[in-house]
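According to the UniProt record's numbering, the sequence shown is numbered sequentially starting from 1.
Backbone N, C-alpha and C define an ideal beta-carbon position, used for all residues, glycine too.
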Amino acid sequence: MKRSRSPSPGFLAIKQHKPQHKPVFPTTCLTSDALEEHNHNTPSLPPCALLEMASVERAHSLSDIPIIPPPSTRSSQRSRSSSPIRPSDAQYRGGHLRRAKIFVGDEIPPSISHYADTSIFHNLAHHGNDHLHQVSEKLWRKSKELERNPSGEAEWTEALYAAINDLKPAGFEAVRNRDWRADLKPPVHNPRPTVPRKRSQLHRRLLQENAATDSLPPSPDSPPALPVFRLKDPRPDICVGLSDDTLAEALEPARGRDIAQSLLLDMQDISTLISDPHVTPLGLRFPFLIVEAKAGATGGNLYQAQNQAAVGGSAALLILQGLSDLRDLNGEPPDGAEASDGSGQKAAATSSKSNIVLNLAFSVTTEGPIHEFWLHFRMPEAGDFHMVCIGTWRTTLKDGSLNFLRHLSAVLKWGNGEFKDNLIGILQDL
């Protein structure tokens with residue numbers, strides 16, 4: 001007989017519990033009276049709570065909008081990322097100057113070395129008159145003064161400019177800080193693309209399609225952009241050459257007054273011969289001496305000055321080369337032409353010497369009181385441009401200032417002598 005179990009009190013409570021229905025509130029019709037009653041019974045929120053709710057809602061609505069920088073910021077970021085990297089001074093010399101066939105530091109050919117020793121710097125011991133000593137004393141004192149202060153390029157350039165003005169002969173011009181024409185620079189060899197022409201055209205068409213549709217990914221085999229090497233336009237701190245009036249006066253007896261005054265102007269305007277290197281002509285013809293000044297106090301150095309002088313000196317040589325080409329076109333016998341008599345041999349020697357004269361230029365590079373003197377020339381066979389240092393002096397030393405000015409005075413006297421005579425002789429025959 002099975003014993004029956006009585007249900008537990010909890011089970012009876014659950015069993016006897018009946019679900020209670022929630023009270024159903026009557027639905028109120030949307031009438032004006034009902035709205036008034038609702039507004040009357042519903043408490044209003046304080047203004048500060050309403051402002052907080054509005055600000056939170058606005059912040060959530062703006063969180064999905066990307067922040068776009070202003071146009072000026074985007075353009076500046078784009079320009080910085082796409083602008084070419086400025087080469088260092090060493091890269092400029094090893095890349096740009098070398099591609100223009102300009103070389104700094106080399107040996108002087110025997111013929112040019114012999115001419116410089118016997119025709120320009122042959123009498124340095126006698127370049128020591130009272131006037132030169134006075135100029136040297138002035139430069140030395142000024143250099144000592146500038147060395148005691150953090151002087152910049154302008155102060156050192158002014159000191160050297162004053163010395164050049166005191167030493168240069170009459171009929172010479174000395175110009176400061178003026179831009180030279182860009183077309184006077186030596187040409188630069190730039191790399192050429194190695195991709196075949198048909199493949200290059202196909203690649204260019206694909207790039208245009210990619211740019212138009214903006215859907216195709218960039219090709220991993222696309223060739224990199226070719227570098228472009230350009231020389232900086234010359235702007236010497238000081239430039240010395242013959243004045244326009246001096247050449248006109250020298251040409252007047254042989255060519256007449258009208259032709260003498262307009263010859264170089266007309267030849268420059270029609271680009272037959274560029275004798276004034278400046279963008280705005282200043283009446284300075286055939287520059288043969290330039291100065292590039294730097295100052296360590298303002299971050300400059302001799303290496304930078306040498307790079308600038310290399311281009312300016314090469315441009316001066318190209319001006320003289322243009323005059324030599326006109327002389328050759330005018331029918332003068334070439335250098336080394338054979339002759340059967342002694343007069344022919346003498347003419348050949350004169351022509352050879354003239355070729356050397358028209359293949360020389362000089363420059364001075366400075367870093368504060370340190371002054372370097374450079375000789376510029378061009379190799380006739382290869383056409384390379386070279387500059388070789390012929391001396392270094394410190395103008396804060398009395399002997400250094402005097403020896404530097406002796407070389408400077410010798411070059412200025414050469415410019416007023418054999419250099420000017422050769423120019424006038426060629427211009428008279430044009």
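- W156 is positioned such that its CB atom lies closer than 8 Å to that of L146.
- In the three-state DSSP reduction, P110 falls in the helix class (H, G or I).
- The alpha-carbon separation between Q268 and S352 amounts to approximately 27 Å.
- Pairing R378 with L317 gives a Cβ-Cβ distance under 8 Å.
- The DSSP-derived three-state label of G391 is strand.
- S151 carries a coil assignment under DSSP once its states are collapsed to helix, strand and coil.
- Membership of F404 in the alpha helix (DSSP H) is indicated by the continuous run K398 to W414.
- Just so you know, the alpha carbons of G322 and G105 end up roughly 25 Å apart.
- For the pair I85 and Q91, the Cα-to-Cα distance works out to about 11 Å.
- Of the other Cβ atoms in all chains shown, fewer than 16 fall within 10 Å of the Cβ of Q134; this residue is therefore exposed.
- In the structure shown, K353 falls within a helical segment according to DSSP collapsed to helix, strand and coil.
- In the structure shown, the three-state DSSP call for R176 is strand.
- A straight-line Cα-Cα distance of about 18 Å links A154 and S363.
- By the CB criterion at 8 Å, L358 and S324 fall inside the cutoff.
- Cβ-Cβ separation between E367 and L302: approximately 5 Å, consistent with a contact (criterion under 8 Å).
- In this structure, DSSP gives A361 an extended state, which the three-state scheme calls strand.
- In this structure P277 is not in contact with L423, their Cβ atoms being roughly 15 Å apart against a cut-off of 8 Å.
- E292 carries a strand assignment under DSSP once its states are collapsed to helix, strand and coil.
- Below 8 Å, too few C-beta pairs join the region 231–246 and the region 399–406 to call them touching: fewer than three.
- Sequence-distant partners of E252 (beyond 5 residues in either direction) whose C-beta falls short of 6 Å from its own C-beta, in its chain, are A260.
- Here the alpha carbons of P193 and R98 stand approximately 19 Å from one another.
- According to the DSSP assignment, L318 belongs to the alpha helix (DSSP H) that extends over L302 to L329.
- In the structure shown, the three-state DSSP call for V188 is coil.
- No Cβ-Cβ contact shorter than 8 Å links G152 with A382.
- For A315 and P186, the gap between their C-alpha atoms comes out near 7 Å.
- In this structure, D89 places its C-beta atom within 8 Å of the C-beta atom of N307.
- Taking C-beta atoms as the reference points, E372 and T396 fail to come closer than 8 Å.
- Under a 10 Å Cβ-count criterion, S136 is classified as buried, with 16 or more other Cβ atoms of the shown protein chains found around its own Cβ.
- Taken through DSSP and simplified to helix, strand or coil, P193 comes out as coil.
- Counting the other CB atoms within 10 Å of its CB gives T246 a total of 16 or more, which places it among the buried residues.
- Under DSSP, the beta-bridge partners assigned to E372 are T365 and T392.
- Going by DSSP, G283 is part of no alpha helix (DSSP H) at all; its letter is neither H nor E.
- In chain order, L242 place their CB closer than 7 Å to the CB of K420, counting only its own chain and leaving out the 5 sequence neighbours on each side.
- H133 sits in a helix when the DSSP states are folded into three classes.
- The shortest C-alpha to C-alpha distance from F121 to any of D429, G415 and G95 is the one to G415.
- Taking the Cα of N165 as reference, the smallest distance to any Cα among L132, P150, A310 and V279 is reached at L132.
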